[in-house]
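Using my numbering, read the first sequence as starting at 1349 and increasing by one per residue. Beta carbons are placed, not taken as given, at the ideal position from N, Cα and C, and that holds for glycine. Below is one structure; the comments refer to it alone.
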Amino acid sequence: MEAYENESKKGFWNAEEDSVLTNYVKKHGTGKWNRIPKVTGLKRSGKSCRLRWMNYLTPDVKRGDFSEEEEDLVVRLHSLLGNRWSLIAGRIPGRTDNQVKNFWNTHLSKKLGVDKKRKRKACVTAKYIPGVEAEGASSMERSGEGEKLVHESWSDDLMELGNMHEGIMRDDFGCSFSFPNSVFDLCTSPYCTQSFHHSFFAL
DNA sequence: AATGGTCACAACCGCCAGTTC
DNA sequence: GGAACTGGCGGTTGTGACCAT
């Protein structure tokens, strides 16, 4: 494998490489990315192949400018999740984490006057609330821990949001607060769908 | 037309967590 | 238990396009 890594080509992909990668994925499916250079002869690392497929070649990936709806969604999700680009992208059909990240960095952070440094590592501890957790296993649920760090980058915006919705989130945001873990799933659970979701997205 | 600055975005890097042996 | 491997994530960089001078 080292040999492949060492002779890996870098930089932009060409049409031929795209074609080789696309054919491989069509035939074998995704996963086992490190096999691709060996099997196809592509002079790219497995990671590079994965990235190229995920961000560009996947059939359902949407190209072009973000719509106003998408932009609005990114802003709202970012205020909730911080720089969790993969989570944000997961809620925006056809958009990848890289697209969302680039869009934020080039458009929205400028537009909203976000200070990048401010967003980093505002550590908050959340408590697991038995019974509140909705369907769907979460890492917190599985861990069985009473308290666990669940998010390292809750932004100031979320703190403000929390204060505005204290019926949903508790009011002691100084260092810890109780918070349904399913919020991580961005309110697709019954609990959140009925409460947090409506409150939050009605902002 | 040439040059320099800025912008947008694709791709890379380093780190971490999960899995396998 | 731990080393090696693999995939995923967020941050950063490199490059081409565009614009102003």
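Task: Candidates V1373, N1453 and D1420: closest to I1440 by CA position - done: Proximity to I1440 across V1373, N1453 and D1420 peaks at D1420, based on C-alpha coordinates.
- [ ] Classify W1433 as helix, strand or coil using the three-state DSSP reduction.
- [x] Helix.
Task: S1367 versus K1380 - alpha carbon distance - done: Going by the C-alpha atoms only, they are around 18 Å apart.
- [ ] Using 7 Å as the cut-off, classify the Cβ of L1399 as near or not near the heavy atoms of the ligand ZN, replying yes or no.
- [x] The ligand ZN is not among the ligands present in this structure, which contains no ligands whatsoever.
Open item on the list: Less than 8 Å between the C-beta atoms of R1443 and E1418, yes or no?
Closed with: In this structure, E1418 lies closer than 8 Å to R1443 by Cβ.
- [ ] Taking only the alpha-carbon atoms, compute the straight-line gap between G1389 and N1446 and give it to the nearest angstrom.
- [x] Cα to Cα, the separation comes out at about 26 Å.
- [ ] Classify H1426 as buried or exposed, calling it buried when 16 or more other Cβ atoms lie within 10 Å of its own Cβ.
- [x] So H1426 counts as buried.
- [ ] Reducing DSSP to helix, strand and coil, say where F1451 ends up.
- [x] Note: F1451 maps to helix in three-state DSSP.
Task: Candidates D1413, G1438 and T1406: closest to T1454 by CA position - done: Of D1413, G1438 and T1406, the smallest CA-CA separation from T1454 is found for D1413.
TODO: With distances taken Cα to Cα, identify the nearest neighbour of N1403 among P1385, K1386 and G1438.
DONE: The shortest Cα separation from N1403 among P1385, K1386 and G1438 belongs to G1438.
Open item on the list: Going by DSSP in three states, D1504 sits in which element: helix, strand or coil?
Closed with: Its pLDDT being 43, under 50, D1504 is placed unreliably in this model, and the value from its coordinates should be taken loosely. The answer is helix: DSSP assigns D1504 an H, G or I state.
- [ ] Let me know if G1430 comes out buried or exposed under the rule of 16 or more other beta-carbons within 10 Å of its beta-carbon.
- [x] Under this definition G1430 is a buried residue.
Open item on the list: Between which residues of its own chain and V1373 is the CB-CB distance below 8 Å, once the five residues before and five after are set aside?
Closed with: These residues qualify, in order along the chain: W1401 and L1405.
- [ ] Go to R1398, then tell me how far its alpha helix (DSSP H) extends in each direction, as first and last residue.
- [x] Where R1398 is concerned, the enclosing alpha helix (DSSP H) stretches over G1394 to R1400.
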